[in-house]
Every structure is written in C-alpha cells, then in structure tokens.
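Engineer:
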Amino acid sequence: MHSLILATATRLLLPLMLMFSIFLLIRGHNEPGGGFVGGLVAGAGFTLYAAAYGVSQASNMLRIDPKRLIGAGLLVAVSSALLSLFLGLPLMTGLWYKEPLPVIGKVGTPMLFDVGVYLVVIGVTVTITFSLFEAEGE
Amino acid sequence: MLTAVLSGFGGAIAAPWLHRFAPRYAGWIAALLPLALMIYFISLVPAVAGGEALRFSYAWVPSLGINLSFRIDGLSLLFALLITGIGALVLIYAGGYLANDPMLGRMLMLLLIFMAAMLGIVISDNLISMFVFWELTTISSYMLIGYKHEYEKARKAALQSLLVTGIGGLTLLAGVVLLGQVTGTLEISDMLTRGEVVRAHPLYSAILALVLVGAFTKSAQFPFHFWLPNAMEAPTPVSSYLHSATMVKAGVFLLARLNPVLGGTEVWQLSLTAFGGATMIVGSFLAVQQTDLKRILAYTTVSALGTLVFLIGIGTDEALKAAMVFTLSHALYKGALFQVAGSVDHETGTRDITHLGGLRAAMPITAAAGMLAAISMAGLPPLFGFIAKEVQYKATLKEPILIGVALVTNMLTVVAAGLASLRVFFGQPAHTPKHAHEAPLSMWLGPVVLALAGLGAGLLSAQVGNALIGPATSSVIGKAKEIELLLWSGIEGAAGQALALSVVTLVVGVGLYQARSIFGRIAAAAAPLAPWGAEGWYQRIVDGMLALAAWQTRMLQNGYLRFYIGLIITTTLVLTTFMLIVGRVAITVPADWADVRIYELMVALIILAATTFVIRATSRLAAVVGLGFVGYGTALVFLLFSGPDLAITQFAVETLVAILFVLVVYRLPRFGNLSTTGARVRSAALAIAGGALMTLLTLVALASPTESRVSEFLAENSAPRAFGRNVVNVILVDFRGFDTMGEITVLGVAAIGIYALLKLVLAPEHDEHKAAEAPSGDGVPRERAETIDV
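Listed in order, the protein sequences are those of chains A and G.
Heads up, the first sequence is in the numbering used here, so the first residue is 1 and it goes up one at a time.
Heads up, the second sequence is in the numbering used here, so the first residue is 139 and it goes up one at a time.
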C-alpha cells in the first residue's frame, strides 16, 4: 500500500516529529512534556515512516534493533538511580549540575532518568508497531 | 566496598564486548576482575582475623529501613574468598571449555553477574538487600542452567531449579519480613544481638519454617534435592561454580549467618539434623548408583550440603567449626572434580564412567589433579578433606545416631570418590567417542590450583585455622572463639575415636568400592519407585497447576473481547456498589451549574455526539474515527482543567491507537451485526450502569474532603527541591521515580511479550528445521516452539 502523498509527507514530518520529541523531552521538567510523551511522538514518527516505506527501510534508518533501545533505556534509568549511591546518598537522590547549560537548562540525574524513559518508550512503541507491520506484510 | 560488589555487574556488561574483541583471551581477561577482588579480600584477612568486622553502609530506601549495607566478618570473608578465587579459575576454565562457542561472551557475562550477586549475599548486612542478591543468584542460575537453550532438557532443568528455588525465595522473603517486624530492624548485625527476643516470640516457629524452606530449597536439601542433579544440564564451568562450590551453599550460609538469631532451640536442632541427615544419606546413596560422572558429583554435593546443614543443626562449637572446615574443603575438592569431569567430557566426548577408564596416560595433569581432589574427598591425610572429616566425627561423638549417619555418608562418599577418579583414570583404557588427549592450560589450571590448595590447606592447617576458619566459626557462634586446627591431633580421647572412625570409614568404603556392582543392581530394583519420589511429586504439582491455569483460562479468557469488558465492568460494578452501600458514602450533587463555560459544554457535546456515532457506525473504520473524537475530546477536557501533560499524552496515545488499528483493520473479518437484540439490550444496560457508576464515583470524590496535603507538598517542593516547575514530570522522574522505574520495566517486558506472541503465531512451520545446532553434547532436538516447557 505505497502512497506517494504519505511518503512525501513522512519525509518532511519525521525530522520535525523527532525534533519535537526531543524538545518535549528537554522541556519536560519545567513545562508540559517529558520522556514519556517525547518517546510516544518519536515512536509515532518511526511508525509513520514504516507505514510509508515499509519495515525493512524503517529498520535500516533506525539502525538499532528497537528491542535494544528498551534495554538501553532501562540501563540508563537504572544507572541514573545508582549514581547517587556512590556519593553516599540514598538511591535515586537527584543530583544536579550547578550551572544551567545553554538551551537545555539545568542538567541532573532526574533528567537522565527521563532520557531512559524516553528510550524505553520509543523502543516499546517501535517494537510493537514494527512487529504488527511485519505480521500484516505476510 | 560498593565498587567491589557492583564491579561484577559492570564487568558483566563489558564481557560480550570483551569476547568480541579478544575471543581467545576473553576468559583470561575476565578472570582479572575476580582475581583483583580476591586480592582485595585477602588484604582484609588480618583485620578480620583480629576480630574486627568491617562495615560499609549506603542508604537505599532509608524510610523503610532498607540499606545497602555490607559487613565483613569471618563468615563473609571465608565465602567471599571462595567466590572470587574459584570465580577467577572458573572464568579461565569457561574460556577454554567453550572456546569455539560464539555465545561464550554471554556465558562470561552471566558468570560475572552471578559472582557479583553471590558476593552480595555473603557480605550484605541488610536482610532485604541480601534477599535481592539472593534472587539475582536464582535468576542467573536459571539462565546458566538453560545456557544450551536449544535443548528441551536444559530448559526443563532450568525451569525446575527456578521454580523450586523461587518458591523458597518467596517464603524466605516472608520470613525476612517477619524477622524484621519482630526485631524492629533489618540490619543483620543489629539482629544478631536480639536472638533472645526472636526465640521467645510467638512467631518464632513461623519464622523458622519460612527461613528453613528458603534455605533448604536453595541448598537442595531433601525433599527438594532433585533440582540439583538435573541442573547438571548446565555447562560444566557452571556446575563447578554455582552448583557445587558457591550458590548451593547460600542456604547453608544463611543458616550459619542466622544461627545466633534462630539457632540453639530444640526445634532448630531437630529439624536441621533430621533434614540434613536425610539429605546426607539419600544424596550419598543415590550418588554411588549413578554412571554419569557429573551426576555422581552432583549427588555427592547434595550429600555434602546435607552434612553442612546437619553440622549447623548439631550446633555445638565443635560442630560449627566442622561446618566451616567442611565448607572450605568441599569447595576446593568438588570445584576441582567438576572441572576434571568437564575436561574428561570435553576431551573424550563422554562422561559415562562405564565407557571411561585408564585416562591417566592420555591426560596426566588432569588425572593428577583429579586424584588429588578425590583423595581429599575420601578424607585421606594429609589433605584438607582429612581434617574436615576428623572434626566432623568429633562433632558427632556424643550421639550414636549422629555417628551412624556420618559414618554411612562418609563410607559412600569414599565409594563415590573412587568412581569419580579411580574408575576414570586407572584400569583398562576404554574406547571413547573422541581420541583422548590432555586438556589445554586454561582447563587444567583450575583443577590443579584447587587440588593443590586442598593439599596446602591440609599441610598449613594451623594457619588456615587461625586466618579463616577461626574467625568464620566465631561469627557463626556469635562470639569470639579461639580454635585449633591440626592435621594430627593425637590418638587420645575424642581425637583417637575420630581417627578410629576414619579408619573404619576408609576400610569399609574401599570394600564397598570393590563390591560396587551391587549399587547398580539396587538402582535397577528401585527404578519402578521413581514416580513416587520427590521429583514425581514436583511434576504432579506442576502439572496440576498447569491444568488449573488451563481451566481458568478457558473459563475467563474465552477470546471474546466483549466478554472480557463485560466481566471487568460487572466486577467493578458489584464490588464498588457494595462498598458504596456498606460505607454509606455521602454524595453531593453540585448545585451551581452557572460556572459551566460554553466551550466546556461544547466539548461535552462533541464527545456525546461522537459516542452516538460510534454506536451506530456500520464500519470499523468509522467507529475508530468516532472513538478518536471521543479520545481527543477527553484530551481537551484535560487541557481545559489544567492537565496539559495528561492532554499531550492522551493526544499521542490516541494517534498511536489509530495507527495501530489501521494496521490490524484489514486482518479482521467483514463487519457484520451478529448480536441478537437481547444481547444488545444487555450490553446497553451494562454500559449505562458502568457510566452511571463512574459519574457516581466522580461525585463521591467531589464530596470527600479535598485538602490533600500530598499534592500541596508536591507542588511546593517541586521547584525548590527538585528543580522542576512541571510538577507532573517531577513526580514521574523524581518524587515517585521508583514507580516509573517499575512501569518502564513492565512496559519493556510487555513489548517483548507482544513481539514474542506475534513472532510465535506467524513463525512458519519450516523454521523448526533450521534450528541452530547446539554447541556440543548429545541432546534432544528442539521441539515445537509453541509447547510450554515444564
């Protein structure tokens, strides 16, 4: 079910959606947004791409197995929680870098945790939709 | 200390890469980590032998009294040295044993995870963190037994060990929680001073039973012993490490650790000596009936674990000392013998002792190490095993029945030691599937080092006694105690009696070895009884559970989505209504309709109209579009009532659901109206009742007092303490970060489940024929992927 309109629109939309998802992720701590929504938007972007160009092309573009994104995200989240232990603070104590960075703002372990959530959500969404697409392809 | 424990997990992550970049030396390089840890622990020996206990504490969930605290006393140090020392040798061994296996990286990773977890168990000072490590060893053991997952037998054995030890883990958790309630602390070091309180408490017997089930399942005590011999499906490095030297001793370790808290009572002594004694005899008796080299060793391990429980049960200072001595001596000789068995299997292609013989010429180094270890196992001087047996006999001298149990077990152990060494290395060379030759350095290093350590410990027994056994015994007893460990302690009094028993053991043992054919006949005669053994019961229970699960699945999960929804709504309706009536909940209907804005009304109307449209829709696509309107309308409501985060998420979810639906809509059968009018009326009634209930609940929520200090606290502290102005997000990633952690884990598991289901249903039949060839061995072919393997 190749559609020229969808394919053309997707090429324009995907970068926008990915940028928007990262924007949501970064601003999440202070404004509406966050890793979960950001992940959903990015996941929807990749799903759209798969709908327009097929799963094999979408997988090529993603480069990494989405199941690995789930693992990577969990690893990032767990490590962000463990960091504070090494400083003698209780598990998951938020650690913040003193100076805000340009554009991103203040950086700290809760932020890193949110990145973990973001990766997991992308991984989960893409794993499910890609498997469904493949199921449909047969 | 935290670094010492966590470095194993870090190393585990690095292991696959290590294997990719240096496949030939991966085992050697990975072994550097445990080696470094061992050196670190050795550096602590002088302090601990001087009576100090080193304590390190890291707050984890301080509000629940759960800390990541570590304490190193004599007992922990003895185990930590075994874990890291044997761990280093096993990693080297695994590098050689699985040299051509592309999955070696995974093996090294799992072994390192296990090592770190096991280390965590023995040095934890908090029962909850110890429990976490305890479960981690269970999981890593599961994956290691199932390492050759192409084989059904390996999967079955892995699942069996997981179920048996997993159930034990759950009861242990209950015991731990009760212990925490009774003593008011979860720190083991605090608990040790409150033994009197626990033993006098009415819950004592419950705690004891729960902890004992946990320890007995882990340490394969009768009647839970059957999983350990089956776990021999694991590659030999795993058997040598987890299933002889370390993990199975975790249960014993727990009993030793809690001895000052729970021990000393009559019921403790009785249950430990009874179960330990039964395990000793059953294990050693089954061991001599086997023909598979690894199973012989596995059953003697069962018997040895029984001995340890038995000795802790006797509970005298002498017996506890004997338990510590035997822990060390058993780990050394059994670790070596397993690796020897693995080398023999690897080089000859068989582990069946009836097909082996005379290998000393072909494998001189392995044979020498094997013989030395077997001599220690049989308890001959000057090896450490001899001392272990002497102190064991001294500990049993008071009671004739205890002597009898120990005597029978040790005689049979002599036979098993003969079967595992003499039978293999002497006699006529047998024709083996592979032409036998010496194993590579990586595979004889481990057995040689361990066997020589057994010899060295025997010769330097006084020093070993002072540095390791003494401090360990003191921690088990609960107070400092000087001990003396001598290779030759004379022939007067208790020492003489023990020596006499040793001589009897050896003479009868050798006699039984000569007459070993009778054991084969006994095994053949007892074969029809097998279904009524412990494993038969295990199988019956598992089958029963599966049948129950199948029955309830047929009842509740009949595949009709409408049935599920109906069931969920009905259950909610009945239970909630019941509570509303019983609780006499007040409901206030808001009187003031004036502040309803016009756009709020419009959103409500859109949702209503869309709902009506969905109900009347005659195509699926139209219904989905209608549902999308309902969803977006709800999101608008969230937006209007200042829940922008909820709104964004709802928008995203709605969009994804629509995409997902489009993906599956073509796979569905044609839309048709199959329900009778009666069914439609019933559905409508249920739907209206469900909606009414939700409205009612909203009104109830409105009527209840709104001053919730939680949200106030969160709102006030969000910006100043968590540096975020978006309270919702701060709650998700900071205040309630633990919850989120759980949620994303569930999400990940769910995704993998969905992936597996889709692949499983769609996997074409011919996939089975190209199932990967297993690395080595002679297993069964992979059976159909759909069957549940139990």
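The C-beta atom is built at its ideal place from N, Cα and C for all residues, glycine as well.
Excluding the 5 residues preceding and the 5 following I629 (chain G) in the sequence, name in chain order all residues of the same chain whose CB lies nearer than 7 Å to its CB.
Structural biologist: Residue mapping note: residue 629 (chain G) aligns to position 491 of the second sequence, counting from 1. Taken in chain order, the residues that qualify are L637.
Engineer: Taking only beta-carbon positions, decide if T323 (chain G) is within less than 7 Å of chain A.
Structural biologist: Locating residue 323 (chain G) in the second sequence gives position 185, counting from the first residue. No, no contact with chain A.
Engineer: I think W365 (chain G) touches Q428 (chain G), with their Cβ atoms under 8 Å apart; what is that distance to the nearest whole Å?
Structural biologist: Residue mapping note: residue 365 (chain G) aligns to position 227 of the second sequence, counting from 1. Residue mapping note: residue 428 (chain G) aligns to position 290 of the second sequence, counting from 1. With a Cβ gap of about 16 Å, W365 (chain G) and Q428 (chain G) do not count as contacting.
Engineer: With I224 (chain G) and Y379 (chain G) assumed to form a contact (beta carbons below 8 Å), what rounded beta-carbon distance in angstroms separates them?
Structural biologist: In the second sequence, residue 224 (chain G) corresponds to position 86, counting from 1. In the second sequence, residue 379 (chain G) corresponds to position 241, counting from 1. 6 Å between Cβ atoms; contact.
Engineer: Taking L684 (chain G) as the query, report the chain A residues whose CB atoms sit under 9 Å from its CB, ordered along the chain.
Structural biologist: Residue numbering aside, residue 684 (chain G) sits at position 546 when the second sequence is read from its first letter. Ordered by position in chain A, no residue passes the 9 Å Cβ test against L684 (chain G), which lies about 27 Å from the chain.
Engineer: Alpha carbon to alpha carbon, what distance is there between Y285 (chain G) and M245 (chain G)?
Structural biologist: Residue numbering aside, residue 245 (chain G) sits at position 107 when the second sequence is read from its first letter. Residue numbering aside, residue 285 (chain G) sits at position 147 when the second sequence is read from its first letter. So the two alpha carbons sit approximately 8 Å from each other.
Engineer: Decide yes or no for the touch test of the stretch 259–274 of chain G against the stretch 610–621 of chain G: beta carbon pairs closer than 8 Å, at least 3 of them.
Structural biologist: With a cut-off of 8 Å, the stretch 610–621 of chain G and the stretch 259–274 of chain G do not count as touching, because too few Cβ pairs lie within range.
Engineer: Please classify F81 (chain G): does DSSP put it in a helix, a strand, or coil?
Structural biologist: There is simply no residue 81 (chain G) to check, as chain G begins at 139 and stops at 928 in what is shown.
Engineer: Using 7 Å as the limit for Cβ to Cβ distance, is L85 (chain A) near chain G?
Structural biologist: The residue you call residue 85 (chain A) lines up with position 85 of the first sequence. Yes, its Cβ sits closer than 7 Å to a Cβ of chain G.
Engineer: Counting only Cβ pairs nearer than 7 Å, list the residues of chain A close to R863 (chain G).
Structural biologist: Working through the second sequence from its first residue, we reach residue 863 (chain G) at position 725. Those are N30, listed as they occur along chain A.
Engineer: Does DSSP classify H907 (chain G) as helix, strand or coil?
Structural biologist: Position 769 of the second sequence, counting from 1, holds the residue named residue 907 (chain G). Any reading at H907 (chain G) needs caution, since the residue's pLDDT is 41, under 50, leaving its predicted position unreliable; the model's value is listed next. The answer is helix: DSSP assigns H907 (chain G) an H, G or I state.
Engineer: Report yes if the CB atom of A516 (chain G) is closer than 7 Å to the CB atom of V552 (chain G), and no otherwise.
Structural biologist: For the purposes of this step, residue 516 (chain G) is taken as residue 378 along the second sequence, with counting starting at 1. For the purposes of this step, residue 552 (chain G) is taken as residue 414 along the second sequence, with counting starting at 1. Yes, Cβ-Cβ distance for A516 (chain G) and V552 (chain G) is below 7 Å.
Engineer: Looking only at its chain, what residues have a beta carbon closer than 8 Å to the beta carbon of L316 (chain G), apart from the 5 residues adjacent to it on each side?
Structural biologist: Residue 316 (chain G) sits at position 178 when you count from the first residue of the second sequence. Within the same chain, L316 (chain G) has close Cβ partners L341, A344, I345 and L348.
Engineer: Can you name the residues that DSSP bridges to S627 (chain G)?
Structural biologist: The residue you call residue 627 (chain G) lines up with position 489 of the second sequence. Note: S627 (chain G) sits in no beta bridge, so no partner.
Engineer: Counting C-beta neighbours from all protein chains within 10 Å, is the total for F159 (chain G) 16 or more, i.e. buried, or is it exposed?
Structural biologist: On the second sequence, position 21 is the one that residue 159 (chain G) refers to. Classification for F159 (chain G): exposed.
Engineer: Under three-state DSSP, which class holds R692 (chain G)?
Structural biologist: Start at 1 with the first residue of the second sequence, and residue 692 (chain G) comes out as number 554. Of the three classes helix, strand and coil, the one that applies to R692 (chain G) here is helix, per DSSP.
Engineer: Flag N867 (chain G) as yes if its beta-carbon sits less than 7 Å from any beta-carbon of chain A, otherwise no.
Structural biologist: Mapped onto the second sequence, residue 867 (chain G) falls at position 729. For N867 (chain G), the answer is yes, since a Cβ of chain A falls inside 7 Å of its Cβ.
Engineer: Would you please verify whether the beta carbon of D905 (chain G) is less than 7 Å from any beta carbon of chain A?
Structural biologist: For the purposes of this step, residue 905 (chain G) is identified with residue 767 of the second sequence, where counting begins at 1. Per-residue confidence for D905 (chain G) stands at a pLDDT of 44, beneath the threshold of 50, marking its modelled position as unreliable; no derived number is given.
Engineer: At a CB-CB cut-off below 8 Å, which residues of chain A make contact with I786 (chain G)?
Structural biologist: Here residue 786 (chain G) refers to the residue found at position 648 when the second sequence is read from its first residue. Within 8 Å Cβ-Cβ: L24, P32, G33 and V37.
Engineer: Span of the beta strand (DSSP E) holding I124 (chain G)?
Structural biologist: Lying before the first or after the last residue shown, residue 124 (chain G) is absent from chain G, which here runs from 139 to 928.
Engineer: By how many angstroms is the C-alpha of L667 (chain G) removed from the C-alpha of D905 (chain G)?
Structural biologist: In the second sequence, residue 905 (chain G) corresponds to position 767, counting from 1. In the second sequence, residue 667 (chain G) corresponds to position 529, counting from 1. Reliability of the predicted coordinates at D905 (chain G) is poor, the pLDDT of 44 falling under 50, and the value obtained from them is presented with this limitation in mind. If you take the alpha carbons of D905 (chain G) and L667 (chain G), they lie about 40 Å apart.
Engineer: Residues of chain G with CB closer than 8 Å to the CB of T47 (chain A), please, in chain order.
Structural biologist: Along the first sequence, read from residue 1 onward, the residue named residue 47 (chain A) stands at position 47. By Cβ distance, chain G contributes L794 and I797.
Engineer: Please tell me whether S21 (chain A) and G38 (chain A) are closer than 7 Å, where the distance is taken between their beta carbons.
Structural biologist: As a working mapping, residue 21 (chain A) is identified with position 21 in the first sequence. As a working mapping, residue 38 (chain A) is identified with position 38 in the first sequence. Closer than 7 Å, so yes.
Engineer: Between W155 (chain G) and chain A, is the shortest Cβ-Cβ distance under 7 Å, so that the two count as touching?
Structural biologist: Looking up residue 155 (chain G) in the second sequence gives position 17. Taking Cβ atoms only, chain A never reaches closer than 7 Å to W155 (chain G), which makes this a no.
Engineer: Can you list, in chain order, the residues of the stretch 49–76 of chain A whose Cβ is nearer than 9 Å to any Cβ on chain D?
Structural biologist: The structure shown has no chain D; the protein chains it does contain are A and G.
Engineer: Does any C-beta atom of chain A lie closer than 7 Å to the C-beta of D927 (chain G)?
Structural biologist: Indexing the second sequence from 1 puts residue 927 (chain G) at position 789. Any reading at D927 (chain G) must be qualified, since the residue scores a pLDDT of 38, below 50, and its modelled position is unreliable; the value itself is stated next. No, because no Cβ of chain A sits closer than 7 Å to the Cβ of D927 (chain G).
Engineer: What did DSSP end up calling R11 (chain A) once you bin it into helix, strand or coil?
Structural biologist: Here residue 11 (chain A) refers to the residue found at position 11 when the first sequence is read from its first residue. Three-state DSSP puts R11 (chain A) in a helix.
Engineer: Determine, for A44 (chain A), whether the minimum Cβ-Cβ distance to residues of chain G falls below 7 Å.
Structural biologist: Here residue 44 (chain A) refers to the residue found at position 44 of the first sequence. Chain G contact via Cβ: present.
Engineer: How would you write the range of the alpha helix (DSSP H) that L206 (chain G) sits in, first residue to last?
Structural biologist: Mapped onto the second sequence, residue 206 (chain G) falls at position 68. No alpha helix (DSSP H) holds L206 (chain G); the beta strand (DSSP E) holding it covers I204 to I210.
Engineer: Indicate whether L774 (chain G) and V741 (chain G) have their beta-carbon atoms separated by less than 7 Å.
Structural biologist: Within the second sequence, the letter at position 636 stands for residue 774 (chain G). Within the second sequence, the letter at position 603 stands for residue 741 (chain G). Contact: yes.
Engineer: Does chain A have any CB closer than 7 Å to the CB of I266 (chain G)?
Structural biologist: Numbered from 1 along the second sequence, position 128 holds the residue referred to as residue 266 (chain G). False, the Cβ-Cβ gap to chain A never drops below 7 Å.
Engineer: Please report how far the alpha carbon of I892 (chain G) lies from the alpha carbon of A142 (chain G), in whole angstroms.
Structural biologist: For this step, residue 892 (chain G) is matched to residue 754 along the second sequence. For this step, residue 142 (chain G) is matched to residue 4 along the second sequence. Cα to Cα, the separation comes out at about 38 Å.
Engineer: One question on the structure: do A164 (chain G) and G233 (chain G) come within less than 7 Å of each other, judged by their Cβ atoms?
Structural biologist: As a working note, residue 164 (chain G) is residue 26 in the second sequence. As a working note, residue 233 (chain G) is residue 95 in the second sequence. Yes. Within cutoff.
Engineer: For the ligand NAD, is there a heavy atom less than 6 Å away from the beta-carbon of M549 (chain G)?
Structural biologist: With respect to small molecules bound, the structure shown includes none, and the ligand NAD cannot be examined in it.
Engineer: Over what stretch of residues does the alpha helix (DSSP H) that includes M253 (chain G) continue unbroken?
Structural biologist: For the purposes of this step, residue 253 (chain G) is taken as the residue at position 115 of the second sequence. L242 to I261 is the extent of the alpha helix (DSSP H) around M253 (chain G).
Engineer: Taking 7 Å as the CB-CB cut-off, is A7 (chain A) touching chain G?
Structural biologist: For the purposes of this step, residue 7 (chain A) is identified with residue 7 of the first sequence, where counting begins at 1. No, A7 (chain A) lies away from the interface with chain G (no Cβ there is under 7 Å from its Cβ).
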